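Novice:
Residue numbers (the numbering used here), protein chains in the order written: chain Z, 88 to 774; chain A, 88 to 774.
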């Protein structure tokens, strides 16, 4: 047994421990008190709605997965490589694993929400604990399942190509889950708000609103299940990119190192999660951030020691990983500057709102664009330092590998990151359930404290996620080039760095075409939200018209009609965006060849990162500007400034929860599709 | 005398003819009736306001130009090339020429507006004629001055490097004129609308509004003077890019061909402008478009014959130019699809407005993003066909030259394009003057017909401008690479296509940094608009408070205070955006070297084109959605849908008139700065 086999078994063991901890926490949460008949009933509606959507979603996904698997099987049988069936199987395993992690996370979230609401009646620490442990189920399920999957596939096949297929399976599922969930949640949210709050003037989460259950379901299917699949996807993609780069160097230790880092990250996350506690009157946001810092610190120490002790691995990689992780944390902090009401962008936008909604929009839009600057500079610094610390051009392969492994380093702490992130929608839901089932004001206030902590934690985790995704796709980009190179070498061709000049019009054409895809994808998902919200608004209005008892509170509205509208609308809307992700790379590759496709990926990565940052931050900024006005600034609730700020917040909803967060996954899927089909495209193309 | 000297003299002659025609039209317009004392008074306010702003602007520009000239003189004296003084002089000549063209255009615009308004009282053909000839003054001044300048500089120096300095002078001035004018015009427009129309409910262009004169001044300094400088800049930059590429091929005929094409374009434009006529009850928009088509057709014929007859020029370039020009026209047509109320994007956005402003914004934003697709595809097709029609990789230099010359071909018809475009703000102003000086409803109605034709013409000219700018900067990009290559060759280095791999982290870092600049620039200019508008809103409100007679119409408001606010605000706001354009390329070049700067330009070009298209089109779409609702659709004026559509229109204002159109110039300036300083950066850099 070589020592890399030992690493793989160690990785597998850590993955199993992670999953076991996740399951243990799941049952712990389930054991907690779920309160009165009323709260159980409300939670039951949300649970049932979420399950119904997931059932429909997964049915659709099975069809997509089977089609893709058949294509892969056929392509890799025809091309003579004889690995068609295995590739298809690995692809399917990836899809199933990703779905499983998302399902588990959602299942616990819809149980933790009501239990956290009930516990808010007792104490803050208790309520926090339930919500955070609920989030941790998701966190450990994601990294556990992913690590088990990757280690097993590599142990069985000894070929990173199959891990690539596994990754593509996970990512294509993640894209649909994320975009679908994003469309679902914002359709319901916008419709509920526009009719409920604006037209008839009932509060948020009021049970008289026919869309209120759909709105709460949306938080779970969008923010929990979607986000889980999203991080699953980045986590696996970053590992596979580094593995492929390691394979092109021909060094097995470098192939397996990413999986070893995942294992170390799991241990660090266990420590971090264990240490997150909050006292009565304590600050939950601070505790969550502290957990993230501890996890990163522990991971850095383990990583440095382990790499130092392995003679086959170049020690300079330690610096690359450290730089990557630090930059991730720093980016998170700058994100906070643009989205927190303690700093001038949010304050100024709130102030300008007094001059009308147009000014609110222009300001938030502009600050959102400015907010990309620190993150882009951070990503550039991480990339350049990772590259040059390992020798740069004079040691090109290792230096590019360093860029890839720094992304793996950042993402290996995902266990903790996801735990903190999934906590958010759980407490958001807890607040909704407390309101809908008529709990005391004190309970609602405590739920509010927990809720606002979720937003603070999100800023840091988002910065992390985008920075990691950017470095991951850069590594995937390099992996794609080496895949093509390996494919054309036997044909006597070459596709090394020198062959892909940025001055080549095919590359430039590809860049332009790639660069237009993320904006196009964003536009299509957002238009789906407006279209579906428009339909749901009609539905809510017609329920109010047909049955006046609903608004009086004597008759229950028909929640299911809104849930059904949101579900079917979201699923239908997925077709076009999904086609962009999968068909566009193949089309460009088929027409403009590997060069065009290389440019295409570069273009998509650039605008993908820019739009992801811009949309997430602008959305967060508008959200918090509205909240800032609601604290009584510039006229407070009901003022002109407030009306304008509400419009800003509504515009920001699909920015930050539908389009923005899906873009990471979009560029990952495009890169994976390109790498997977590289051998075929290298042989078959028009130009 | 070689035959290329003959071409240059021919070019010079055409330039002089163009300028002479412009001046003749200028005096013709001046001779027309300027109406009553009242209309003269109103026009006088606008004229004085515009002059005051231009005086301030040009004072500021003199400072910038002198600083830049000194830097150029010093740098090119120190580097031993001994061409410091000449470079500085050519730079200054370029600035002066660009300023002159802008000044002439504006001077005629503020005289044509009132005369066109007065003529609207007589007949449509008469009013149209004055406005269009006013626009043509600008058109012929721009191409005349530019062609005279370029031909003279090249005749005197025989070195395209000096034409490059001339171009940089023109472009840096254009950027400031365009961005400054854009900030000025939208500050006044938004403030006038928000207080006037929304708060106190007086109509557009009402003389009781203290900001109304500033608003009309803005149309002239933003749309006329700024736009003139903008096209001047693209026109010269496209020629110089092709000249530099010709120089790197070492063939004098290819160096001079762009100037010959400019001359042919002038003749074609003279024919086109001469043929533009409209009868009473005719459609002015149709006539304008017809003029553009005739000009393009005439140019195509001349160009094909001339190139065919010159044995030293490869005939395949004919195809490249034809493809470029056709794609320009097609892009214009698709732009219309997204911004005209005859098609679904505008209609749907108007319909969705019934559900509130947030939905209006999300829809318009999304359609704006989708609208980039046909243009990008068109640019890619033009580039790829131009490149491959001349042999592609196997004949790389000529093929890249073909891309550059296709942009020259498109822009050589600028005489006609600018005439049609400058017509727009003149009739917009004419309408304003008719309203402010209390002319009959019949006159205002006729002015309305003329005004809406301006918008139709704009769609096509905008498509043209963006497509041409994209191809121009691509050619400049190639020119930059060959500049660096020439600079490092004597040092034993190489900077050919093979050395600038898109996989190189320095290139990738540059791409990221470049790509963030256009969004950042847009954000800064738009924030200036909100900041300045916010101040002006306070000013208007305080005037209304202090003197109730203003609203009653018994006391004239203080127009000058608003004019002064808009002027000084716009000029102060220029500092940061200008710094981005000039300092960022030098900074990136100094830090990351020529490779970083190569990536930087590529990144800036991509997002520059995308944001320019997106912002212009989204703005146009919101504008026309509002107008569509105002025709009585979805509740018409005063309905909820109308209120929402007005908010969309206001958001779109700085999109389409401040940020969007400045981006072309931004990327041109960045490319020119990079090329001009390439020899220095090639020697001095950190990485």
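Ideal Cβ positions, reconstructed from N, Cα and C, are used throughout, including at glycine.
The model shown is predicted, which means the values in this text are computed figures rather than measured ones.
Taking residue 671/Z as the reference, which of 611/Z, 600/Z, 569/Z has the closest Cα?
Specialist: The residue you call residue 671/Z lines up with position 584 of the first chain. The shortest C-alpha separation from residue 671/Z is found at 600/Z.
Novice: For residue 383/Z, collect the residues of the same chain with a Cβ closer than 7 Å to its Cβ; drop the 5 residues on either side in sequence, then sort them by chain order.
Specialist: Walking along the first chain from the start, residue 383/Z turns up at place 296. Correct list, in chain order: 412, 416, 500.
Novice: Along chain Z, which residues have their Cβ under 7 Å away from the Cβ of residue 453/A?
Specialist: The residue labelled residue 453/A in the question sits at position 366 within the second chain. Those are 610, 613, 614, listed as they occur along chain Z.
Novice: My guess is that residue 627/Z and residue 160/Z are in contact by the Cβ rule of under 8 Å, so how many angstroms apart are they, rounded?
Specialist: Numbered from 1 along the first chain, position 540 holds the residue referred to as residue 627/Z. Numbered from 1 along the first chain, position 73 holds the residue referred to as residue 160/Z. The pair is not a contact, with the Cβ atoms about 46 Å apart (cut-off 8 Å).
Novice: For residue 32/A, which residues in chain Z fall below 8 Å Cβ to Cβ?
Specialist: Any property of residue 32/A remains undetermined from this structure, which presents chain A solely from 88 to 774.
Novice: Suppose only complete runs of 3+ residues qualify. What are the beta strand (DSSP E) ranges in the segment 610-668 of chain A, listed by chain order?
Specialist: Those beta strand (DSSP E) runs which fall completely within the segment 610-668 of chain A and span 3+ residues do not exist here.
Novice: Per DSSP, residue 207/Z forms a beta bridge with which residues?
Specialist: Counting from 1 along the first chain, the entry for residue 207/Z is found at position 120. For residue 207/Z, which the question treats as bridged, DSSP gives no partner whatsoever.
Novice: Taking 9 Å as the CB-CB limit, is residue 322/A close to chain Z?
Specialist: As a first step, residue 322/A is located in the second chain; it is residue number 235 there, counting from the start. No, because no Cβ of chain Z sits closer than 9 Å to the Cβ of residue 322/A.
Novice: Just the Cα atoms here: how many angstroms apart are residue 579/Z and residue 584/A?
Specialist: Within the first chain, residue 579/Z is the residue found at index 492, counting from 1. Within the second chain, residue 584/A is the residue found at index 497, counting from 1. Residue 579/Z and residue 584/A: Cα-Cα distance of roughly 21 Å.
Novice: Start and end of the alpha helix (DSSP H) containing residue 389/A?
Specialist: Within the second chain, numbered from 1, the residue matching residue 389/A stands at position 302. Here the alpha helix (DSSP H) through residue 389/A covers 371-396.
Novice: Less than 9 Å between the beta carbons of residue 156/A and residue 175/A, yes or no?
Specialist: Translated into the one-based positions of the second chain, residue 156/A becomes position 69. Translated into the one-based positions of the second chain, residue 175/A becomes position 88. The answer is yes: Cβ separation under 9 Å.
Novice: Can you list the residues of chain Z that residue 690/A reaches, using a CB-CB cut of under 7 Å?
Specialist: What you label residue 690/A is simply residue 603 of the second chain in a count that begins at 1. The contacting residues are 693.
Novice: Flag this pair as yes or no: are the beta carbons of residue 539/Z and residue 372/Z separated by less than 9 Å?
Specialist: Taking the first residue of the first chain as 1, we reach residue 539/Z at position 452. Taking the first residue of the first chain as 1, we reach residue 372/Z at position 285. Yes.
Novice: Can you give me the start and stop residues for the alpha helix (DSSP H) that residue 499/A sits inside?
Specialist: Residue 499/A sits at position 412 when you count from the first residue of the second chain. First-last for residue 499/A: undefined, no H or E at that position.
Novice: Tell me which residue opens and which closes the alpha helix (DSSP H) that residue 330/A is part of.
Specialist: Here the question's residue 330/A lines up with position 243 in the second chain. Here the alpha helix (DSSP H) through residue 330/A covers 314-336.
Novice: Return the residue from the list 536/Z, 300/Z, 399/Z that minimises the CA-CA distance to residue 337/Z.
Specialist: On the first chain, position 250 is the one that residue 337/Z refers to. Minimum Cα distance to residue 337/Z is reached at 399/Z.
Novice: Going by DSSP, what residue range makes up the alpha helix (DSSP H) through residue 311/A?
Specialist: Taking the first residue of the second chain as position 1, residue 311/A is located at position 224. Where residue 311/A is concerned, there is no enclosing alpha helix (DSSP H), given that its DSSP letter is neither H nor E.
Novice: Closest to residue 427/Z by C-alpha separation, out of 716/Z, 680/Z, 474/Z, would be which residue?
Specialist: Translated into positions along the first chain, residue 427/Z becomes position 340. Minimum Cα distance to residue 427/Z is reached at 716/Z.
Novice: Give me the residue from 572/A, 235/A, 263/A, 220/A with the minimum Cα distance to residue 149/A.
Specialist: Locating residue 149/A in the second chain gives position 62, counting from the first residue. Ranking the options by Cα distance to residue 149/A, first place goes to 263/A.
Novice: How about residue 757/Z: is its C-beta nearer than 9 Å to some C-beta of chain A?
Specialist: If you number the first chain from 1, residue 757/Z lands on position 670. No, its Cβ sits nowhere closer than 9 Å to a Cβ of chain A.
Novice: For the alpha helix (DSSP H) that residue 740/Z lies in, which residues bound it at each end?
Specialist: Translated into positions along the first chain, residue 740/Z becomes position 653. It spans 727-741 - the alpha helix (DSSP H) in which residue 740/Z sits, taken as one unbroken run.
Novice: Among 131/Z, 347/Z, 213/Z, which one has its Cα closest to the Cα of residue 91/Z?
Specialist: Start at 1 with the first residue of the first chain, and residue 91/Z comes out as number 4. Selected option, being the one with the closest Cα: 347/Z.
Novice: Listing by chain order, which chain A residues have their CB less than 8 Å from the CB of residue 439/Z?
Specialist: Locating residue 439/Z in the first chain gives position 352, where the first residue counts as 1. Near residue 439/Z (Cβ distances below 8 Å), the residues of chain A are 617, 621.
Novice: Measure how close the beta-carbons of residue 679/Z and residue 597/Z come, nearest whole angstrom, since I'm counting them as under 8 Å.
Specialist: Position 592 of the first chain, counting from 1, holds the residue named residue 679/Z. Position 510 of the first chain, counting from 1, holds the residue named residue 597/Z. Between residue 597/Z and residue 679/Z the Cβ distance is about 6 Å, and since that is below 8 Å, they are a contact.
Novice: Determine, using beta carbons only, whether residue 680/A comes closer than 9 Å to chain Z.
Specialist: What you label residue 680/A is simply residue 593 of the second chain in a count that begins at 1. Taking Cβ atoms only, chain Z never reaches closer than 9 Å to residue 680/A, which makes this a no.
Novice: Determine, using beta carbons only, whether residue 129/A and residue 226/A come nearer to each other than 9 Å.
Specialist: Stepping through the second chain from its first residue, residue 129/A is reached at position 42. Stepping through the second chain from its first residue, residue 226/A is reached at position 139. Not closer than 9 Å, so no.
Novice: Below 7 Å CB to CB, which residues in the same chain sit around residue 306/A once its five sequence neighbours on both sides are set aside?
Specialist: As a position in the second chain, residue 306/A is number 219, starting the count at 1. Excluding sequence neighbours, residue 306/A sits near 272, 512, 515, 516.
Novice: Rounded to whole angstroms, what's the CA-CA distance from residue 459/A to residue 697/A? Just pull it up for me.
Specialist: Indexing the second chain from 1 puts residue 459/A at position 372. Indexing the second chain from 1 puts residue 697/A at position 610. Each residue's alpha carbon lies about 6 Å from the other.
Novice: If the cut is a Cβ gap below 7 Å, which residues of chain Z does residue 591/A touch?
Specialist: The count along the second chain starts at 1 and reaches residue 591/A at position 504. Ordered by position in chain Z, the residues that pass the 7 Å Cβ test against residue 591/A are 584.
Novice: Can you list, in chain order, the residues of its chain whose CB lies under 8 Å from that of residue 332/A, leaving out five sequence neighbours each side?
Specialist: Sequence index remark: in the second chain, residue 332/A carries index 245 (1-based). 341, 484, 487, 488, 491, 562, 565, 566, 569, listed in sequence order.
Novice: Going by beta carbon distance, what residues of the same chain come within less than 7 Å of residue 339/A, once the five residues before and after it are set aside?
Specialist: The count along the second chain starts at 1 and reaches residue 339/A at position 252. Within the same chain, residue 339/A has close Cβ partners 91.
Novice: For residue 68/Z, does the count of other Cβ atoms within 10 angstroms reach 16, so buried, or fall short, so exposed?
Specialist: Within the shown structure, residues of chain Z are numbered from 88 to 774, placing residue 68/Z beyond reach of any answer.
Novice: Would you kindly report the start and end of the unbroken alpha helix (DSSP H) that includes residue 139/A?
Specialist: In the second chain, the residue the question calls residue 139/A occupies position 52. 124-165 is the extent of the alpha helix (DSSP H) around residue 139/A.
Novice: Could you check whether residue 283/Z and residue 309/Z sit closer than 9 Å to each other, using their CB atoms as the reference points?
Specialist: Position 222 of the first chain, counted from the start, is the residue given in the question as residue 309/Z. Position 196 of the first chain, counted from the start, is the residue given in the question as residue 283/Z. Result no, Cβ atoms of residue 309/Z and residue 283/Z do not sit closer than 9 Å.
Novice: Using a threshold of 9 Å, state whether the C-beta atoms of residue 495/A and residue 329/A are closer than that.
Specialist: Taking the second chain and counting its residues from 1, the one referred to as residue 495/A is at position 408. Taking the second chain and counting its residues from 1, the one referred to as residue 329/A is at position 242. Taking 9 Å as the Cβ cut-off, residue 495/A and residue 329/A qualify as a contacting pair.
Novice: Tell me the DSSP secondary structure of residue 588/A in three-state form.
Specialist: Residue numbering aside, residue 588/A sits at position 501 when the second chain is read from its first letter. Of the three classes helix, strand and coil, the one that applies to residue 588/A here is strand, per DSSP.
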